[in-house]
Amino acid sequence: MTDSYLDRIEALATALHEHIFSHPQETYSNKPWALVEAIDAFASTNRMMTFKTPKITISQQALTHMDPLPQTILEFGTYVGSSAIAWGAILQKLHSDNHERACNVYTFELSAVNAGIARDFIRLAGLDQIVQVLEGPAGDSLRKLHADGTIREQAVDMAFFDHWEKFYLPDLQLCEDLRLFRVGSLAIADNTDFPGAPAYLEPVFSLIIINKAGGLIYQREFHPGLRKLSTNDYLVLAGTFHGVHAITRSITPKLPSTTPAPTTTASTPTTPTPSAYSFPKPGILATGIESLETDKFHLTCFQTLTGTKFLLFTDPLTTNIDVVMKKVYELYSDYVMKNPFYQLEMPVRCEAFDRHLTGWLRGRT
């Protein structure tokens, strides 16, 4: 970060601070969303780089659908605190029925000027009991929170990256190294479009699509460092996985469901006997193998209702695989299934699908 650029963003933050506090305190006091909207309006007029409302709305939807509901959020890059205020307001609303449940947003900011301004806004919004601004390098602050026990392993529900793009991947990997994520945690990154943060998106290695008969209909590699496999190797891989998937689906155990034994007058206790057998989650069919993991890659399988299988190969540290898989399927639906020249179950040769898939995975949508 150059001194001139830092001076510019601090000057804009200071101007925003003066603008907000030129209004009567009651305008924004304990009204986080009104304050976020006011910051948005000023930022749009003055070309400030903030995480604006449309993106916050999408993120809020993802947080609302998490199970269990999120309680702890990390934010890498505070700036003036508008997104941190939004995260705090979202957590406050999600846990409005249980005020004793601890909710925390830890947001990291390198600039002392910006950190002070963010604290003023957070206090004005009435969220200073939830949102804490930590001044200094994000990695150092996070390590300290972990070392003193403030943040425990598997306690982080979401990490939001909106600082310098070159630090996205190192800070994400730090979260992984400290084992802060649980199963289902979210990682959201802003500004990953071109040139963005390509290293952050690199851990998606390749994609294979298999039809319901076990035939390979699509294969694409996205990482230049992968060892090349022959077409025959991919055909064998597709057929083998199809067979293993079918076997694991068929051997899913059914558990006995019992009915109470009839009451008797005898003093001898009776044991309930199995009356039927069903899958562990009645009404949900066995899915077969869904993932494989080695020390070098993670394989995730998604099977559609028609039997088509999507195999996604990613780095073992990659988070949000379900989000990536969902986007892949959306692009497949839009550019393959809606293509009038495509025949179901046949090899996928759709240039638009290739282009949009590659563009999205590289953060150039």
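With UniProt numbering applied, the sequence shown corresponds to residues 1 to 365, in that order.
C-beta: ideal position from N, C-alpha, C; glycine also.
Taking only three categories from DSSP, how would you classify residue i?
i	result
residue 46	helix
residue 290	coil
residue 349	coil
residue 83	helix
residue 213	coil
residue 132	strand
residue 232	helix
residue 222	coil
residue 182	strand
residue 194	Below a pLDDT of 50, predicted positions are generally treated as unreliable, and residue 194, at 46, falls in that range; no measurement from the model is reported.
residue 35	helix
residue 296	coil
residue 117	helix
residue 154	coil
residue 327	helix
residue 41	helix
residue 92	helix
residue 364	With a pLDDT of 39 at residue 364, under the threshold of 50, the modelled position of that residue is not reliable, and the figure given next carries that caveat. Residue state, collapsed to three classes: coil.
residue 175	helix
residue 251	coil
residue 138	helix
By alpha-carbon positions, which one of the options ends up nearest to residue i?
i	options	result
residue 105	156, 38, 182, 28	156
residue 247	79, 287, 165, 46	287
residue 54	67, 33, 66	33
residue 122	136, 143, 81	81
residue 209	69, 347, 131, 18	347
residue 158	149, 219, 179	179
residue 130	339, 20, 249, 70	70
residue 311	329, 305, 295	329
residue 323	66, 24, 26	66
residue 175	166, 165, 352, 151	151
residue 350	220, 15, 306	220
residue 206	218, 217, 222	222
residue 306	234, 299, 344, 218	344
residue 111	79, 99, 98, 177	79
residue 250	12, 136, 163, 289	289
Does the distance from the C-beta atom of residue i to that of residue j stay below 7 Å?
i	j	result
residue 147	residue 171	no
residue 377	residue 161	Because the chain in this structure spans residues 1 to 365, residue 377 falls outside the shown range and cannot be described.
residue 84	residue 36	no
residue 75	residue 107	yes
residue 314	residue 204	yes
residue 90	residue 63	yes
residue 302	residue 325	yes
residue 357	residue 331	yes
residue 353	residue 342	no
residue 88	residue 145	no
residue 30	residue 187	no
Using the rule of at least 16 other Cβ atoms within 10 Å of the residue's Cβ for burial, across every protein chain shown, is residue i buried or exposed?
i	result
residue 333	exposed
residue 355	exposed
residue 48	buried
residue 109	buried
residue 43	buried
residue 45	exposed
residue 185	buried
residue 195	With a pLDDT of only 47 at residue 195, under 50, the local geometry of the prediction cannot be trusted, and no value is derived from it.
residue 77	buried
residue 236	exposed
residue 181	buried
residue 96	exposed
residue 291	exposed
residue 141	buried
residue 119	buried
residue 72	buried
residue 379	No statement about residue 379 is possible, as the shown extent of the chain runs from 1 to 365 and does not include it.
residue 5	exposed
residue 197	Caution is warranted here: a pLDDT of 48 is assigned to residue 197, below 50, making its placement in the model unreliable, and the coordinate value is therefore given only provisionally. When all chains shown are included, residue 197 counts as buried.
residue 166	exposed
residue 132	buried
residue 23	exposed
residue 376	Since the first residue shown for the chain is 1 and the last is 365, residue 376 is missing from the structure and cannot be characterised.
residue 41	exposed
residue 381	Given a span of 1 to 365 for the chain in the structure shown, any question on residue 381 remains unanswerable.
Cβ-heavy atom distance between residue i and the ligand ATP below 6 Å?
i	result
residue 213	With respect to the ligand ATP, the structure shown offers nothing to examine, as it has no ligands at all.
Touch check for the stretch 104-119 and the stretch 42-60: three-plus C-beta pairs under 8 Å?
Taking 8 Å as the limit for Cβ pairs, the verdict is that the stretch 42-60 does not touch the stretch 104-119.
If you pair each beta-carbon of the stretch 232-243 with each one of the stretch 209-224, do three or more pairs fall below 8 Å?
Segments in contact, yes.
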